[in-house]
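The structure appears right after this line, and notes come after that.
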Amino acid sequence: MIEKKKRNIFQIIDDWASARSLWLLMYCTGCGAIELPPTMTSRYDMERFGIAPAGTPRQADILLITGYLSIKTLKRVIRAYEQMQSPKYVIGLGSCTINGGMYWDSYNTIKMLDLYLPVDIWIAGCMPRPESVIGGLNKLSDIIKAGEANGWKKYNENLKWYRANQKKVIKKWDLPEFNY
Amino acid sequence: MENNMELKALKNNFSKIFNVEYAMFNDSETLSIKIPSNETLNAIDYLYNKESYKHLSMMSYIDKPKDNIIELIYILYSYTDHTTIILIIDLNRENPKFVTLKNIFPQAETFEIEFNEMMGIVFEGNNRMGEEFILEGWDGPPPMRKDFDTLEFVNDNYMFRSGRENSINVREHIKNITGEKGALDD
Ligand code: SF4
Chain A
1 MIEKKKRNIF
11 QIIDDWASAR
21 SLWLLMYCTG
31 CGAIELPPTM
41 TSRYDMERFG
51 IAPAGTPRQA
61 DILLITGYLS
71 IKTLKRVIRA
81 YEQMQSPKYV
91 IGLGSCTING
101 GMYWDSYNTI
111 KMLDLYLPVD
121 IWIAGCMPRP
131 ESVIGGLNKL
141 SDIIKAGEAN
151 GWKKYNENLK
161 WYRANQKKVI
171 KKWDLPEFNY
Chain B
1001 MENNMELKAL
1011 KNNFSKIFNV
1021 EYAMFNDSET
1031 LSIKIPSNET
1041 LNAIDYLYNK
1051 ESYKHLSMMS
1061 YIDKPKDNII
1071 ELIYILYSYT
1081 DHTTIILIID
1091 LNRENPKFVT
1101 LKNIFPQAET
1111 FEIEFNEMMG
1121 IVFEGNNRMG
1131 EEFILEGWDG
1141 PPPMRKDFDT
1151 LEFVNDNYMF
1161 RSGRENSINV
1171 REHIKNITGE
1181 KGALDD
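These protein sequence lines are chains A and B, in that order. Quick note: the first sequence, position 92, residue 92 per our numbering, numbers continuous. Take any residue in the second sequence, note its place counting from 1, add 1000, and you have its number in our numbering.
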């Protein structure tokens, strides 16, 4: 666990600024992806809250995992996550990321996302509606402002633990050990 | 509806030439035929060249552990007659083997790779056998086999989040800890 350190004035300004401009990378392999177009477009319009979709991992702040991850996609997600520049945040959307959801007994999907990536916010539901997605994003922006969204630091510090978990399910490991 | 005339004629001809186990209409435009596996290639050749079944719309399989067989299924379609033929072949479940059809239907190659991975069927002549298709680094038994115990595999390979230990009402609890109203509360 990371203790809450006292932030200096620059870090406070930094956190305040990044909480107000969040670029969202959506990893849309789960069914929750279908709720994102309405979240993004005029009906629910997440841009009101300063959140916009990003094109590539390197330009994104948030990695939004929209549901179940198979072993194959988990590999890609780890790759994408490690390419993102810190500070970076992970959102687990839907019950599949939390406890496996309705794929709890599938041979090919992971059951707990936080064993493999540091999750900052969970959005529960199967699938969560755009209101909940926006609720979760706002909550994330609050904890960033408070300096509490430290998942990426946790990941760097506990990389060994995360790697061990990742290698336990990804039998054919061909990712670089460090790619950030 | 009356069964398709061409299909009826085909059924009669087919029974004369090949050693048909059964042939029955699924509906007026669809005929299922079961034949021994050593006659299958000739049968497909006949359907392709003598008849007009030029399109392999689908391949499939059914695992039948009780009879110790895997049924391999070819679904062929004719664009001139607008009819479908379902060819069914029994394979031995211990050692399921068949020959590739990629020389007649190129798309069969991909199906065959998938069947090899998911069901363990070996298609001789397809040199991409054993290639990874959907699974990566899979070392268990073929996962679509009925005797593959998914739950056991999951318990051995994945960790689960432990459930709740109390029986408090979730909505009440959320309200108490956050003071927020849920979307379903009025
Ligand atoms: S939580 Fe539900 S909606 Fe989301 S990916 Fe899983 S099954 Fe699909």
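Beta carbons: idealized from backbone N, C-alpha and C, even for Gly. On a predicted model such as this, the values are computed, not experimentally measured, just so you know.
For a test of the three-state rule: what should DSSP assign to B:E1132, helix, strand or coil?
Position 132 of the second sequence, counted from the start, is the residue given in the question as residue 1132 of chain B. Coil, per DSSP.
Would you kindly report the start and end of the unbroken alpha helix (DSSP H) that includes A:P38?
Reading the first sequence from its first residue, position 38 is the one you call residue 38 of chain A. Residues 36 to 40.
Looking at C-alpha atoms only, which residue of A:V169, A:R163, A:I121, A:R129 is the closest neighbour of A:E148?
On the first sequence, position 148 is the one that residue 148 of chain A refers to. Minimum Cα distance to A:E148 is reached at A:I121.
Are any of the Cβ atoms in chain B nearer than 8 Å to that of A:Y231?
The question about residue 231 of chain A has no answer, for chain A in this structure spans 1 to 180.
Does any heavy atom of the ligand SF4 sit closer than 7 Å to the C-beta of A:Y44?
For this step, residue 44 of chain A is matched to residue 44 along the first sequence. For the ligand SF4, not one heavy atom lies less than 7 Å from the Cβ of A:Y44.
When the distance is taken between beta carbons, is A:L140 closer than 8 Å to A:I78?
Along the first sequence, one-based indexing puts residue 78 of chain A at 78. Along the first sequence, one-based indexing puts residue 140 of chain A at 140. Taking 8 Å as the cut-off, the Cβ atoms of A:I78 and A:L140 do not count as close.
Considering just the uninterrupted stretch of the alpha helix (DSSP H) at B:V1154, what are its terminal residues?
Numbered from its first residue, the second sequence carries residue 1154 of chain B at position 154. First-last of the alpha helix (DSSP H) with B:V1154: 1150 to 1157.
Name the chain B residues whose beta carbon is nearer than 7 Å to that of A:N138?
For this step, residue 138 of chain A is matched to residue 138 along the first sequence. Residues of chain B passing the Cβ test: none, with the nearest at roughly 12 Å.
For A:Y81, report the span of its alpha helix (DSSP H) as first-last.
Start at 1 with the first residue of the first sequence, and residue 81 of chain A comes out as number 81. Looking at the DSSP string, the run of the alpha helix (DSSP H) that includes A:Y81 is 71 to 83.
Just the chain B side, please: which residues come within less than 8 Å of A:M84 by C-beta, in chain order?
Counted from its first residue, the first sequence places residue 84 of chain A at position 84. The contacting residues do not exist; A:M84 stays about 23 Å from chain B at best.
State the Cα-Cα distance for the pair B:M1059 and B:F1153, rounded to the nearest angstrom.
Here the question's residue 1059 of chain B lines up with position 59 in the second sequence. Here the question's residue 1153 of chain B lines up with position 153 in the second sequence. Taking the straight line joining both Cα atoms gives about 28 Å.
Write down every uninterrupted run of the beta strand (DSSP E) in the segment 1025 to 1088 of chain B whose length is 3 residues or greater and which is fully enclosed by it, in chain order.
As far as the segment 1025 to 1088 of chain B is concerned, its whole beta strand (DSSP E) runs of at least 3 residues are 1030 to 1034, 1055 to 1064, 1069 to 1078.
Quick check: is the beta carbon of A:R79 nearer than 8 Å to any beta carbon in chain B?
Counted from its first residue, the first sequence places residue 79 of chain A at position 79. Chain B, which has no Cβ nearer than 8 Å to the Cβ of A:R79, makes this no.
By the criterion of Cβ-Cβ separation under 9 Å, what are the contact partners of A:V169 in chain B?
The residue labelled residue 169 of chain A in the question sits at position 169 within the first sequence. Residues of chain B passing the Cβ test: N1157, Y1158.
Would you please verify whether the beta carbon of A:N156 is less than 8 Å from any beta carbon of chain B?
Numbered from its first residue, the first sequence carries residue 156 of chain A at position 156. Interface criterion not met: the Cβ of A:N156 is under 8 Å from no Cβ in chain B.
Span of the alpha helix (DSSP H) holding B:E1117?
For the purposes of this step, residue 1117 of chain B is taken as residue 117 along the second sequence, with counting starting at 1. It spans 1108 to 1119 - the alpha helix (DSSP H) in which B:E1117 sits, taken as one unbroken run.
Quick check: the Cα distance between B:V1020 and A:Y103, rounded to an integer number of angstroms?
Position 20 of the second sequence, counting from 1, holds the residue named residue 1020 of chain B. Position 103 of the first sequence, counting from 1, holds the residue named residue 103 of chain A. Distance between the alpha carbons of B:V1020 and A:Y103 is about 42 Å.
To the nearest angstrom, how far is it from the Cα of B:D1139 to the Cα of A:R43?
Within the second sequence, numbered from 1, the residue matching residue 1139 of chain B stands at position 139. Within the first sequence, numbered from 1, the residue matching residue 43 of chain A stands at position 43. Separation of B:D1139 and A:R43 (C-alpha to C-alpha, rounded to the nearest whole angstrom) is 46 Å.
Thinking just about the alpha-carbon of each residue, which of A:L22, A:I65, A:L25, A:F49 is nearest to the one in A:P128?
Position 128 of the first sequence, counted from the start, is the residue given in the question as residue 128 of chain A. The shortest C-alpha separation from A:P128 is found at A:I65.
Could you tell me if the beta carbon of A:M84 falls within a distance shorter than 7 Å of some heavy atom in the ligand SF4?
As a position in the first sequence, residue 84 of chain A is number 84, starting the count at 1. The answer is no for A:M84.
Does any residue of chain B bring its CB to less than 8 Å from the CB of A:D14?
Reading the first sequence from its first residue, position 14 is the one you call residue 14 of chain A. Contact with chain B is absent for A:D14, since none of that chain's Cβ atoms lies less than 8 Å from the residue's Cβ.
When you compare the CB positions of B:T1100 and B:E1117, do they come within less than 8 Å of one another, or not?
For the purposes of this step, residue 1100 of chain B is identified with residue 100 of the second sequence, where counting begins at 1. For the purposes of this step, residue 1117 of chain B is identified with residue 117 of the second sequence, where counting begins at 1. Cβ atoms of B:T1100 and B:E1117: not closer than 8 Å.
By a C-beta neighbour count over all protein chains shown, 10 Å radius and 16 as the cutoff for buried, is B:S1078 buried or exposed?
For the purposes of this step, residue 1078 of chain B is identified with residue 78 of the second sequence, where counting begins at 1. Buried: at least 16 other Cβ atoms inside 10 Å.
Just verifying my parser: in three-state terms, what is the DSSP assignment at B:N1126?
What you label residue 1126 of chain B is simply residue 126 of the second sequence in a count that begins at 1. In the three-state reduction of the DSSP assignment, B:N1126 falls in the coil class.
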